[in-house]
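Numbering (my numbering), first residue to last: 6 to 121. Glycine included, each C-beta is placed from N, C-alpha and C at the ideal position. None of these values were measured; they are calculated from a predicted model. Beneath this line is the structure, given in structure tokens, with notes to follow.
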Amino acid sequence: MKARRHGLLALWLAGWAAAGVAEEPPDLLAPERVEKGRTLFSESCSYCHGEEGIGGESGAPSLQGRKDLTAAELFETISKGRINGMNIMPAWGDALTDEQRWTLVGFIRSMLHRGR
6 MKARRHGLLA LWLAGWAAAG VAEEPPDLLA PERVEKGRTL FSESCSYCHG EEGIGGESGA
66 PSLQGRKDLT AAELFETISK GRINGMNIMP AWGDALTDEQ RWTLVGFIRS MLHRGR
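See the structure below:
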């Protein structure tokens with residue numbers, strides 16, 4: 006069990022080092038970007054975070070009410086992943102393009118602005 010955690014930590018750190026932060030697009034909340042982000046969120050994120058971003062049985066946190074998270078912080082977390090106790094969010098930096106990750110950020114920020 007301890008070796009597995011160390012392996013997961015090494016994998017997470019490798020993803021952290023490999024992912025860079027791209028410049029935030031000016032049209033982050035454009036309706037087209039938000040709609041594409043909704044689809045991508047449903048395909049890539051909803052299994053853990055739920056369709057409405059309220060978390061779920063996986064232990065993923067709710068994204069509702071997290072207006073404190075900046076766009077850059079969301080992009081970094083999506084890109085590099087995150088470890089919170091026993092909950093591990095994988096890094097998506099190698100699986101998704103910068104544009105796709107910013108599209109997810111746009112959708113998540115739009116949810117927060119709507120108070121969902």
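Per-residue DSSP class, three states only, for residue i
i	result
I83	helix
M91	coil
T75	coil
C53	helix
L101	coil
Residues near residue i by beta carbon distance below 8 angstroms, same chain, minus five either side
i	result
E37	none
A35	G111
Residue i classed as buried or exposed, judged by whether at least 16 other C-beta atoms fall within 10 angstroms
i	result
A96	buried
M91	exposed
T44	exposed
E28	exposed
Selection from the options that minimises the alpha carbon distance to residue i
i	options	result
S49	R106, I59, L74	R106
R114	M91, L101, Q69	Q69
L117	T82, L45, L74, T108	L74
Same chain only: Cβ atoms within 7 angstroms of residue i, ignoring 5 sequence neighbours per side
i	result
A24	Since pLDDT at A24 reaches only 46, below the 50 mark, its modelled position is unreliable, and the value read off the structure follows with that caveat. These residues qualify, in order along the chain: S84, K85, A96, G98.
Residues near residue i by beta carbon distance below 6 angstroms, same chain, minus five either side
i	result
S63	C53
G42	T108, L109, G111, F112
L101	none
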